[in-house]
Each structure stands twice: as structure tokens, then as C-alpha cells.
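Order-wise, the sequence lines are chains A and B.
When the letters of the first sequence are read in order and numbered with our numbering, they come out as residues 209 to 598.
When the letters of the second sequence are read in order and numbered with our numbering, they come out as residues -2 to 222.
Only one structure is covered here, and it is reproduced in the block below.
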Amino acid sequence: MTGLQVQLRSASLIRLEAEFDCGAGELVALVGPSGSGKTSMLRAIAGLWTPTDIQGQIRVAGQAWLDTAAGVQLSPQARRAGLVFQHYALFPHMTALANVALAAGPGWSGADVQTLLARLGLAELSQRRPSQLSGGQQQRVALARALVRVMPRPITAHASTPETFPGVLLLDEPFSAVDAPTRQTLYRELAALRQKVSVPMVLVTHDLQEARRLADRVVIVDAGQTLQTGEPARVFASPRNARVAELVGIQNHFEGYFFKDEPGWGRLHWTDVASSEELGLDLAVFDKNKINDGTRVTWVLNGEQVDVMADGEPDSAAQPGHTRLRCQLLEVLSLGEISLCTLRPEALPSQTITLNLTSRLLRRLDVGAGSWVQLLIGPGALHIMPVRTK
Amino acid sequence: MDWSALHVSLTLAALTTLALLPVGLALARWLAVTAWAGRPVVEALLLLPLLLPPTVIGFYFLVAFGQGSALGAWLAASGIRLVFTLEGLLLVSVLVNLPFMVQPIQRAFAAVPHSLREAAWVSGLSSWQTFWRIELPLAWPGLLAGMALTVAHTLGEFGVVLMVGGNIEGETRTLSVSLYDKVQGMDLQSAHVMALALVGVSLLALTLVLAFDRVGQRGRALQER
Chain A
209 MTGLQVQLRS ASLIRLEAEF DCGAGELVAL VGPSGSGKTS MLRAIAGLWT
259 PTDIQGQIRV AGQAWLDTAA GVQLSPQARR AGLVFQHYAL FPHMTALANV
309 ALAAGPGWSG ADVQTLLARL GLAELSQRRP SQLSGGQQQR VALARALVRV
359 MPRPITAHAS TPETFPGVLL LDEPFSAVDA PTRQTLYREL AALRQKVSVP
409 MVLVTHDLQE ARRLADRVVI VDAGQTLQTG EPARVFASPR NARVAELVGI
459 QNHFEGYFFK DEPGWGRLHW TDVASSEELG LDLAVFDKNK INDGTRVTWV
509 LNGEQVDVMA DGEPDSAAQP GHTRLRCQLL EVLSLGEISL CTLRPEALPS
559 QTITLNLTSR LLRRLDVGAG SWVQLLIGPG ALHIMPVRTK
Chain B
-2 MDWSALHVSL TLAALTTLAL LPVGLALARW LAVTAWAGRP VVEALLLLPL
48 LLPPTVIGFY FLVAFGQGSA LGAWLAASGI RLVFTLEGLL LVSVLVNLPF
98 MVQPIQRAFA AVPHSLREAA WVSGLSSWQT FWRIELPLAW PGLLAGMALT
148 VAHTLGEFGV VLMVGGNIEG ETRTLSVSLY DKVQGMDLQS AHVMALALVG
198 VSLLALTLVL AFDRVGQRGR ALQER
């Protein structure tokens, strides 16, 4: 058994219900709002957060770091967890080299540590103290310190495949305190590192774009619970429930009812009014046989998949299953190349749809606030979820 | 200049500081990190010598260790005399100097961010190693400040010395007590010299305290960056 498996449950000060895993060489991002418990999960893996009523297990490379059923709970010192703290927590009275050497096991010589620092672009800076380093440099020292903890010995030079080590690398919002260009550099370094070292890497972040960009899989965390795990694109496109949709920043989620139609197809009643069909508010959706006929659902409109046409323009190439929706532009907020547009469907004035449209498109259609447009909504733009029941 | 009094004062200051350092260090470190509910009580007890008149402390010392008390009698039978001796003076000096030693050290330990302790544990350092290699080097300005304050305060102590030590030349007559004698005897020339010496030493000690404190603050500011 390789990689990291986490199953935790606690009801103390911080309520926690966590279940996720992370393969060797995989990067999993715990994503959630601040106070959601993602950092506590990370600290639990490192052995720094151990509430008395914690239950469950943490396994790394087959070894139990925590197994409450078996009475196993390793100290932080006995776990090979390399933790990069949010504000790095470098020892201010030690040089960069000493900071890293302190965490290095007997398999590391001073020269090895120096080589590692050089690989991270810190060769000239190894004798400096943290206060004499920039934020990005401090972060690389912190990363080096975490790495030597994870790796009992240095990586063999010129190894063609990443080497596996029996530890985990834990990154607690490491990119939040540096400026954007530095962040880009560090993203690249992390990517380069993953080609050399194969350990489970868990990244805590509240930045969805960062998670999307760096992680192989994301774990959506809210109120101490892991809500959904999966590849970023998949989680962002098909959130499991309305809360996940909200957390991943999907703006257009609505209520409705799902009805089965001919095989492979279903109908989505936008509202609970019986007149939905007459109002032209029945949307064709794919039926994946996961939701029963007549179920109340939350659904998401993926704005990137919606086509916008001028009002009154005939549907030249009518595609099956596409619905036309006449909407009025209520508000147009220009954000440079992109304009944030709020639209109100003519047939359902109580709802609004938010779309990010290019300013170029708006100019081409010659529309602004108050104008009418047509939305062309295909089944690919719709994602249906059962309403979450507590 | 009463050289024998200066010698007694310096000896007392040095011994008090040496004896108090390990005690104060342990107490300060514990107070800085403990979550125990009774901590304010301990802190209040430690600060008490700052507020009480020295006569109160001296009085209770005499009550506890005088010939009349069971403890004093038992000690006397064992050949240990604490009243009117340098040893007794040392004991009470350690007690009244506790706040001067503990306070700056406690502040210094409390200023070490907890994340540094955690970083040390995660790096594989035991609690003991974390103390020696991380916390103590970061708290040293506090230690130096505590030691300087203790030295200065011991040199300047008057009431307790008089109550507990009496005024025995070469044994318990300190510089401040000798100064009092000289003024009583209208020997103002000698009094001037000794007063000036005390002012000088205290000023030096306070300057050191403030300098160490600034070093400590700079360290803290760096850690917070």
C-alpha cells in the first residue's frame, strides 16, 4: 500500500469528518473557505492536531501514523511529514543551511543539503538568516526543510524516474504570502520537484484557480467535512451538490424538477410551477439514469457553454435539445476584456443568470444594459444534482 | 569607600543571580506556555515581592527561620544559621528577586511563536532539543535582561538586608546599608562615593536591560515577517 490514506472523525472544538487519499507522486488540494477545517486536517496528518476524541486512521506507505482502533498515535517526531507552514516558521536565529540541516536525517551530509539548496536556487544564500531573505526565498528554504524530512537520503542524481519515499509533503497555503511573479516561479519549482520526488503531496488552499492549476485531484472541504473529491475539471463541472457548487464559485445554480423523457433524455422544469413547459422553460438534459423521475433538483448552468445571440436572430442551425431563452441585460460590468453580465429571463423575471461575456461579443451584438438578447442553452451546459438533504 | 561592603554586595548579587537563574528559567518557561487555570495565582505570588514592603518579607523570614520557630531550631541543631548570615541573606534575596528574573524571561519565551515549536517537532526535534536549540537561543535577550535586573536590584536592596542580615561587617553589611551608616555618622564624603557607585551600576544594568529588550524585539519582529 503506497500513498496516504486519511479517515478522521472528531466532534471536539472543531467538528471534523474527513476522508480522502493521496497516491505517491500525486498532488491533492484541500480546498475550502477559511475556517473550514482544511488546515486542521493537514495538522492532524503531521501529528500537531490531536483532539482527545479523534477517531480514525492515517496511513502513509502502509504504516499507521494514527489508528485509534489499534491505539496507535505516532508523535510528530516519529512521522515523516514535511510541513511547509503558511508563514514558513523558519528558525530566525539560524542560517538557511542550518534551518534545513536541522531537519535532515543521518542520510544527509552537509554537502547534500548545500546541493539541495543550490537546486532550489539558494546556493549563494545558504549562509543568510531568514530575515535577510525575500518571501519567495524563505519559502524555498521552508520547502527544502520539509523535503529533507520526507526523504531519508538525497535523490540520486540523474534518476530517470521519480524516486519514492515513505513520507508526505504537506503545504499549508504556501503561496498566499508571496507576490504573483514569485508565485509563478514557485509553481514551476513544485512541478519540477514532482518529476524527481514521488511522495503524496497535500496542498491546503482557498484559491480555486491555484487548486485547479496545481492539483491532480481536489478535495472540497466545508465545515470540517470533505464533501467531494475528484479531478479539478470534473469537480468544477459537476459538483455533487449545491454547497459544492457554491464553494467552487459556480454562480448560476437554480432549483427545479427532473423528469424522464425518451431514453437518454430528460426534461428539466426550471421552476415548480406547472406552467413551466408552456413558458418555454423546460430544458432538455441528458439522462444518466442517476436521478429518479420527478425528483427535486438543484441545477447549474455552465456559462461557458451558453451561446448568446442578438434578439430576433433566427436559429439558422437548429440543434436538437437546444432551448432558446429571451433575456434582458440588467447590468453590464466591464472588467476589461470580460464583462460581468446579469440577465433576466423574460418568462421568469424572478430569476437572474450571470454570464461572463467578452466585451468584443457585446460590441458585435451592439447590446448594453437594458437590451434584449437570446441565450441558446444546450444539454451540455446543464448539470443536475439532487437537492442535498441534511 | 567601604570596600568590604562592596565585596559583600557584589558577592550577594552574583550568588543571587546564579542561584536564581535555573529556578527563574524553569518557572518562566513553564508560565510562558502552560494552559493551566491556576497560572494567574502563581504569577500574582511571584509579583508579590514587588508590592510588599521589604519589612513584611523580612519579618516573615525572621518568624520562619528565627530561633523561636521549629524550623529555625531544627536548622540550628543541624548547624545551619540563616538569620544574620550571608546564607540567609542569599535565600531571602533569591525570593524577593524572583519577579525581576522571571518576568523578562517569561516575556521572551511567550514571544517565541508557537509555530516555531511545531516546526521543530515536525523537523524531528524532541521537546527537550526544541528547548535548547530553538527556544533558548531566541529567548536569551530575556535571560540577560533578567540577570541584569537581578544584579541591580540586589545591589540596591536595603530593607530586607537590614531586617534579615543585620549589619555585620564583612558578612551582611552591603553597600546600601553601609551608605546608610555613613550618612548617620555624617561621613558625607564616603556616602557620596558609594551613592554614586550604586547609581552607576544601576544605570548600567538598566541600560543593558533596555538594550537586550531591543534585541529581543528585533528578533520578534523578524519572526513575524
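All C-beta atoms in this analysis are idealised placements derived from N, C-alpha and C, irrespective of residue type, glycine included.
Remember, it's a predicted structure, so these values are computed and weren't measured experimentally.
- For L256/A, a Cβ of chain B is located within less than 8 Å of the residue's own Cβ.
- Between T506/A and A450/A the beta-carbon gap is near 4 Å, inside 8 Å, which marks them as a contact.
- Linking P338/A to N460/A through their CA atoms gives a straight-line distance of about 46 Å.
- Between W478/A and F494/A, the CB-CB gap reaches or exceeds 8 Å.
- Beta-carbon to beta-carbon, I561/A and L548/A are separated by about 12 Å, too far to satisfy the 8 Å threshold.
- Within the region 116 to 127 of chain B, A116, A117, W118, V119, S120, G121, L122 and S123 place their CB atoms closer than 8 Å to a CB of chain A, listed in sequence order.
- Per DSSP, the beta-bridge partners of S542/A are S547/A.
- Of all alpha-carbon atoms in S342/A, G313/A, L324/A and G264/A, the one lying nearest the alpha-carbon of Y296/A is that of S342/A.
- For T8/B, the secondary structure class from DSSP, reduced to helix, strand or coil, is helix.
- Distance from the CA atom of L238/A to the CA atom of V429/A, rounded to whole angstroms, is 6 Å.
- Across the region 274 to 288 of chain A, CB contacts with chain B closer than 7 Å involve P284 and Q285, in sequence order along the chain.
- Between S199/B and D(-1)/B, the CB-CB gap reaches or exceeds 8 Å.
- Counted as a single uninterrupted DSSP element, the alpha helix (DSSP H) harbouring Q345/A occupies residues G343 to V358.
- Within the region 298 to 310 of chain A, the residues whose Cβ lies closer than 8 Å to some Cβ of chain B are L298, F299, P300, H301 and L310, listed in chain order.
- In the three-state reduction of the DSSP assignment, Y296/A falls in the coil class.
- Straight through space, the alpha carbons of G457/A and L24/B are spaced by roughly 51 Å.
- Judged by DSSP in its simplified three-state form, H591/A adopts strand.
- Contact between A10/B and V148/B is confirmed by a C-beta separation of about 5 Å, below the 8 Å threshold.
- Of all residues in the region 353 to 377 of chain A, only R353 and R357 place a beta-carbon less than 7 Å from a beta-carbon of chain B.
- W0/B sits in a helix when the DSSP states are folded into three classes.
- Looking only at I585/A, E439/A, F467/A and E539/A, the smallest Cα-Cα distance to A577/A is reached by E539/A.
- A423/A has its alpha-carbon roughly 39 Å from the corresponding atom of R534/A.
- The Cβ-Cβ distance between A419/A and V410/A does not fall below 8 Å.
- Taking a cut-off of 8 Å for Cβ pairs, the region 118 to 130 of chain B and the region 5 to 21 of chain B do not touch, as fewer than three such pairs fall below it.
- Contact with chain A is absent for P51/B, since none of that chain's Cβ atoms lies less than 8 Å from the residue's Cβ.
- The alpha-carbon of L185/B is positioned some 21 Å away from that of I165/B.
- For N564/A, the secondary structure class from DSSP, reduced to helix, strand or coil, is strand.
- In this structure, the straight-line span from the alpha carbon of I253/A to that of V268/A is close to 9 Å.
- Each of L298/A, I585/A, A385/A and G270/A was checked against the Cα of L491/A, and the nearest Cα belongs to I585/A.
- Taking 8 Å as the threshold, the shortest C-beta distance from L291/A to chain B falls below it.
- The residue among P110/B, A142/B and G139/B with its C-alpha nearest the C-alpha of T127/B is P110/B.
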